[in-house]
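UniProt numbering puts the first residue of the sequence shown at 503, with every later residue one more than the last. Every residue, glycine too, gets a C-beta built ideally from N, C-alpha and C. Remember, it's a predicted structure, so these values are computed and weren't measured experimentally.
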Amino acid sequence: RAKTSGRGVAAFFDAQMDLEARQRRQLESDLRHAITRNQLYLVYQPLVTTVDGKVSGYEALLRWTHPDRGEVPPDEFIPIAEDTGAILPIGDWVLRRACREAALWVEPLTLAVNISAVQFQVATLEETVTSALMDAGLAPDRLELEITETALMKDRDQTIRVLHALKERGVRVVMDDFGTGYSSLSNLQSFPFDKIKIDRSFIQTMEDDEAARSIIRAIVGIGKSLALPVVAEGVETDTQRRMVQEEGCPQAQGFFYGFPGAGPASSAQLSASQANSGLIAGRVASHA
Ligand code: C2E
Ligand code: MG
Ligand code: MG
Ligand code: MG
């Protein structure tokens, strides 16, 4: 009997793995059509200056509406896109779309775009960024590219070269999710970053955990001595807002300030509303 149930369990796990493998293959192939089938879109989350709470820019975050599964989170589909190489056309699409949208914003706010490690491994990233900016008519100093530390480990020399080339074009580069994973302080020395984003895990534990708060303080200190502004990610409460401000983070981001959403008003919306109000005014005038 033990044998039978053992076989039963093994068969169950086989079936389970089979199902997972099939689901993953299905997602892989669905992802290849996601762009042309208009299933991808971007949401924008504000970044604020802590001293006055003013919005200084927005981070573009990718979303995928799957026809059967609904919203698939990026933490699930980005790794798949990286494995299959689909991240290259998708990454291009994100850059072009985000730059075009940001060029329409009424105020000259900054635009942050996440770049995957895979995009650094191909020779075309610099060209893609340049042409996305040119086609959109967006000034390079409006764009910030966010790279996680894990991404830096793939091919250090190549990544450093590309980062320098991008910076020469006037684009800023940001180290994302700092303090987790393959964190190393030498990364701050070797890579020409303009800004550091502290991973949200530290911010989310800082209220109860003195160690998290000390680490934030230390990262801000390192940032100050390297002249790198430090952004606090994942600020959800007013207490966290006050604490990161006290610790000297010049910028912050998180649900407390704003959820990822439609982004700022665009000049297209503005001219549409002006046209509408003009229409109403015109009607009122003609009735008068
Ligand atoms: P990230 O670049 O670190 O983006 C921040 C993530 O934290 C976003 O999750 C955002 O919605 C979430 N977040 C912001 N504030 C808060 C908060 O106060 N509390 C909590 N719990 N979460 C908060 P999202 O949109 O699910 O994206 C997850 C990750 O997927 C991103 O992390 C980024 O690494 C990746 N990703 C998203 N869009 C793109 C993209 O266009 N290209 C690439 N390569 N990666 C992307
Ligand atoms: Mg990011
Ligand atoms: Mg982050
Ligand atoms: Mg992240």
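| Asked | Found |
| --- | --- |
| Cutoff 8 Å: L611 Cβ touching any chain C Cβ | The structure shown contains no chain C; it is built from a single protein chain. |
| Heavy atom of ligand 1 within 7 Å of E651 beta-carbon | no |
| Chain-ordered list of residues that sit, by beta carbon, closer than 6 Å to a heavy atom of ligand 3 | D678, D679, K699, E735 |
| Check: L627 C-beta below 7 Å from any heavy atom of ligand 1 | no |
| As assigned by DSSP and simplified to three states, the class of residue 500 | The first residue shown for the chain is 503 and the last is 790, placing residue 500 beyond what the model contains. |
| Residue environment, R571, which counts as buried when at least 16 other CB atoms sit within 10 Å | exposed |
| Straight-line Cα distance separating V608 from L728 | 33 Å |
| Best match in T630, S703, G681 for proximity to V737 [C-alpha to C-alpha] | S703 |
| Nearest-angstrom Cα separation, counted from G760 out to R785 | Any reading at R785 needs caution, since the residue's pLDDT is 43, under 50, leaving its predicted position unreliable; the model's value is listed next. Between R785 and G760, the C-alpha separation is close to 38 Å. |
| E609 CB to nearest heavy atom of ligand 2 below 7 Å | no |
| Nearest residue (CA-CA) to L613, options V596, A513, D554 | V596 |
| Beta-carbon spacing of S618, I662 below 8 Å | no |
| beta-carbon E561 near ligand 2 non-hydrogen atom, thresh 7 Å | yes |
| Top-ranked residue by Cα proximity to F695, from P576, K656, A734, E651 | E651 |
| Limits of the alpha helix (DSSP H) - the one that D678 falls within | Looking at the DSSP string, D678 is not in any alpha helix (DSSP H); the run it does join, the beta strand (DSSP E), is 674-680. |
| Near ligand 1: G593 beta-carbon under 7 Å from a heavy atom | yes |
| Secondary structure of R539, DSSP reduced to three states | coil |
| C-beta contact flag for I698 and A734 at 8 Å | no |
| Inter-stretch contact (C-beta, 8 Å, three-pair minimum) for the region 544-560 and the region 575-590 | no |
| E648 Cβ short of 7 Å to ligand 2 heavy atom set | yes |
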